[in-house]
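What follows is a set of notes on a single structure, which appears directly below.
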Amino acid sequence: MRDINLLPQELKPKGYAIKLSRSLRKIGVVFLVVFLIVSIFAAGSFAILSIRIRDSNNRQSKLKTEIRAQEQTEQKLILVQDRISKVTSILSSGDSREEVGVLKDVISILPPEMAITKVNLTDSKAEITVFATSSLYLTRFLAQVINSNYQNIELVSFSYRDALGGYEVELGIML
Amino acid sequence: MFRLSKKLLSPDLKVLIIPSLVIVCVVFLFLTLIKMGYPRITTLLSQLEESGKIERTLEERLNVLKEFNTGLSKSSDISFIVLPDKNPGTWTLSQIKELSLSNSLLFTDTEFKKVITASDSAVRKMDITADFESGSISPVVEFLLGMGEVAPLTTIEEVEIERDKEVINSKVKFTIYWAALPTTLPSLTQPLKQLSITDQETLTKIDSYKKPQFTVLPPQPAESLRVNPFN
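Chains as they are written, first to last, in this note's numbering: chain A, 1 to 175; chain B, 176 to 406.
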């Protein structure tokens with residue numbers, strides 16, 4: 001049976017309009033699908049992120065409770081850190097400890113025929129005065145001092161004491 | 176009216192209008208979704224990142240505390256004795272007396288000088304000058320080396336030794352230190368530093384320092400108390 005269109009021909013849309021309409025419908029469907037996918041993705045992300053934040057907050061609360069339970073330990077740690085930083089600062093500022101070591105070294109190489117008569121130790125220098133009855137001992141002693149690994153040795157004074165019958169030498173040793 | 180719309184909406188337009196409206200609506204909804212959803216999701220992401228950071232800081236803090244508790248918590252006592260919060264002059268004096276006695280030095284005189292506070296530091300210090308007599312220099316040296324390793328922390332500022340006939344006269348200037356205790360704990364979300372290797376070495380060093388002898392006086396029994404101390 002043949003199709004009979006009783007509508008007037010001017011009410012029928014033209015061919016290009018029908019083609020454009022079909023294309024627009026396809027675009028509309030694609031847009032709708034993309035929109036739905038993006039919406040689902042956004043809603044899913046929102047839900048997952050919210051759950052993860054809630055879980056993280058719960059874990060934080062638990063950790064905070066555990067840390068609060070260790071408050072005494074924390075106080076001790078802060079005290080130790082504070083004290084150590086101050087002690088380190090004091091020790092690094094320097095004192096005469098090393099110069100005391102210098103005096104000990106000098107005593108260890110001093111022959112029994114010689115004696116230390118005067119010592120002045122500061123944080124930068126060890127001034128040691130020695131007395132020797134013989135120039136031979138003095139020479140040996142000075143050679144040993146020079147052979148020691150001191151960076152700077154000064155001969156501050158050298159004198160012969162007739163009344164005491166010997167030589168008096170003042171050395172300034174710097175580390 | 177109907178005629179007018181009929182004239183305006185031609186059959187071509189009628190066919191195009193519905194899919195066009197659908198596209199416009201979807202685009203509008205899409206833009207709205209992006210405009211509203213994107214800032215919320217980025218906010219949530221930054222919240223999650225921040226939350227993760229705080230969580231990691233708290234975990235690290237807890238680990239540091241657990242480690243300190245198992246290994247080094249006793250060191251707080253020695254660190255406090257080495258650098259107390261009050262003037263440790265009497266403790267140092269007892270150390271000087273004890274060490275001079277053990278090195279056969281005659282402790283003849285002592286003087287406590289004024290308290291010094293550096294403007295840029297919380298550490299306060301005081302000078303103590305002590306005089307000794309001995310038969311030779313070696314005991315003085317041993318005493319000085321010993322004083323370098325006593326608690327509370329004592330530094331040797333200046334030493335003068337002079338021989339007077341058979342007597343060795345020594346004058347030593349020490350400096351003692353103290354500092355107020357920390358009053359606040361860092362905020363929970365701030366990272367807590369572990370003791371560094373250098374700190375642990377310093378701690379081991381000061382742990383070997385000779386501690387002062389403390390005496391605990393037991394309380395007297397009630398019946399031995401005198402009712403009238405003037406009689």
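C-beta: ideal position from N, C-alpha, C; glycine also.
Model, not experiment: these values are computed from the prediction.
DSSP-derived helix/strand/coil call for residue i
| i | result |
| --- | --- |
| Phe177 (chain B) | Its pLDDT being 48, under 50, Phe177 (chain B) is placed unreliably in this model, and the value from its coordinates should be taken loosely. Correct three-state label for Phe177 (chain B): helix. |
| Lys368 (chain B) | coil |
| Val102 (chain A) | helix |
| Ser157 (chain A) | strand |
| Val391 (chain B) | coil |
| Asn152 (chain A) | strand |
| Lys385 (chain B) | strand |
| Ile4 (chain A) | coil |
| Asp95 (chain A) | coil |
| Asp252 (chain B) | helix |
| Thr358 (chain B) | coil |
| Asp162 (chain A) | coil |
| Phe131 (chain A) | strand |
Endpoints, the alpha helix (DSSP H) within which residue i is located
| i | result |
| --- | --- |
| Ala143 (chain A) | Ser135 to Asn147 |
| Asn57 (chain A) | Gly15 to Ala69 |
| Leu121 (chain A) | Run containing Leu121 (chain A): none in the alpha helix (DSSP H); it sits in the beta strand (DSSP E), Met114 to Leu121. |
| Asp260 (chain B) | From DSSP, Asp260 (chain B) is part of no alpha helix (DSSP H); its letter is neither H nor E. |
| Lys12 (chain A) | That residue, Lys12 (chain A), is in no alpha helix (DSSP H); it is neither H nor E in DSSP. |
| Thr124 (chain A) | For clarity, residue 124 (chain A) is Ser in the given sequence; the question names Thr instead. First-last for Ser124 (chain A): undefined, no H or E at that position. |
| Leu268 (chain B) | Gly264 to Ser277 |
Close beta carbons around residue i, own chain, < 8 Å, minus the five adjacent residues each side
| i | result |
| --- | --- |
| Ile146 (chain A) | Ile153 |
| Pro366 (chain B) | Thr232, Glu235 and Arg236 |
| Val119 (chain A) | Leu103, Ala126, Glu127, Ile128 and Thr129 |
| Leu319 (chain B) | Ile331, Val334 and Val347 |
| Thr218 (chain B) | none |
| Val290 (chain B) | Asn262, Arg299, Lys300 and Met301 |
C-alpha distance - residue i paired with residue j, whole-angstrom precision
| i | j | result |
| --- | --- | --- |
| Thr329 (chain B) | Ala143 (chain A) | 35 Å |
| Glu168 (chain A) | Phe158 (chain A) | 6 Å |
| Arg68 (chain A) | Thr122 (chain A) | 49 Å |
| Ile4 (chain A) | Ile37 (chain A) | 44 Å |
| Thr139 (chain A) | Ser96 (chain A) | 27 Å |
| Leu281 (chain B) | Ile90 (chain A) | 29 Å |
| Asn244 (chain B) | Gln60 (chain A) | 21 Å |
| Thr292 (chain B) | Phe405 (chain B) | 44 Å |
| Tyr160 (chain A) | Ile336 (chain B) | 21 Å |
| Ser124 (chain A) | Ser93 (chain A) | 11 Å |
| Ser185 (chain B) | Phe203 (chain B) | 26 Å |
| Thr377 (chain B) | Val342 (chain B) | 38 Å |
| Arg83 (chain A) | Asp162 (chain A) | 55 Å |
| Lys12 (chain A) | Lys189 (chain B) | 10 Å |
| Lys241 (chain B) | Val298 (chain B) | 30 Å |
| Gln70 (chain A) | Leu392 (chain B) | 33 Å |
| Ser362 (chain B) | Ser371 (chain B) | 21 Å |
| Phe349 (chain B) | Glu98 (chain A) | 14 Å |
| Arg22 (chain A) | Glu230 (chain B) | 55 Å |
| Asn238 (chain B) | Ser226 (chain B) | 18 Å |
| Lys26 (chain A) | Gly15 (chain A) | 17 Å |
| Thr117 (chain A) | Asp339 (chain B) | 8 Å |
| Val315 (chain B) | Thr359 (chain B) | 43 Å |
6 Å Cβ shell around residue i - same chain, five flanking residues per side excluded
| i | result |
| --- | --- |
| Gly321 (chain B) | Leu274 |
| Asn262 (chain B) | Trp353 |
| Val347 (chain B) | Ala305 and Val334 |
| Asp187 (chain B) | none |
| Leu276 (chain B) | none |
| Ser250 (chain B) | Leu378 |
N-terminal and C-terminal residue of the beta strand (DSSP E) that residue i is part of
| i | result |
| --- | --- |
| Leu171 (chain A) | Gly166 to Met174 |
| Lys289 (chain B) | Leu281 to Thr292 |
| Lys348 (chain B) | Val342 to Ala354 |
Residues near residue i in its chain [Cβ-Cβ closer than 7 Å; skip 5 each side]
| i | result |
| --- | --- |
| Ser134 (chain A) | Glu113 |
| Ala384 (chain B) | Strictly speaking, residue 384 (chain B) in this sequence is Tyr, with Ala absent from that position. The answer, listed in chain order, is Val257, Glu324, Val325 and Ala326. |
| Trp266 (chain B) | Pro327 and Pro387 |
heavy atom of the ligand FAD below 7 Å from residue i C-beta
| i | result |
| --- | --- |
| Gly166 (chain A) | This structure simply doesn't include the ligand FAD, nor any ligand for that matter. |
Practice task
Kindly provide the ranges of any alpha helix (DSSP H) runs that are 4 or more residues long and lie completely inside the segment 177 to 216 of chain B, ordered along the chain.
Solution key: Counting only runs of 4 or more, we get 177 to 183.
Exercise for the section: Go through the segment 293 to 324 of chain B residue by residue and report every complete run of the beta strand (DSSP E) that reaches 3 residues or more, in order. Expected result: 298 to 309
Exercise for the section: Scan the segment 304 to 322 of chain B for residues whose Cβ lies nearer than 7 Å to a Cβ of chain C and list them as they occur along the chain. Expected result: The displayed structure is made up of protein chains A and B, and chain C is not among them.
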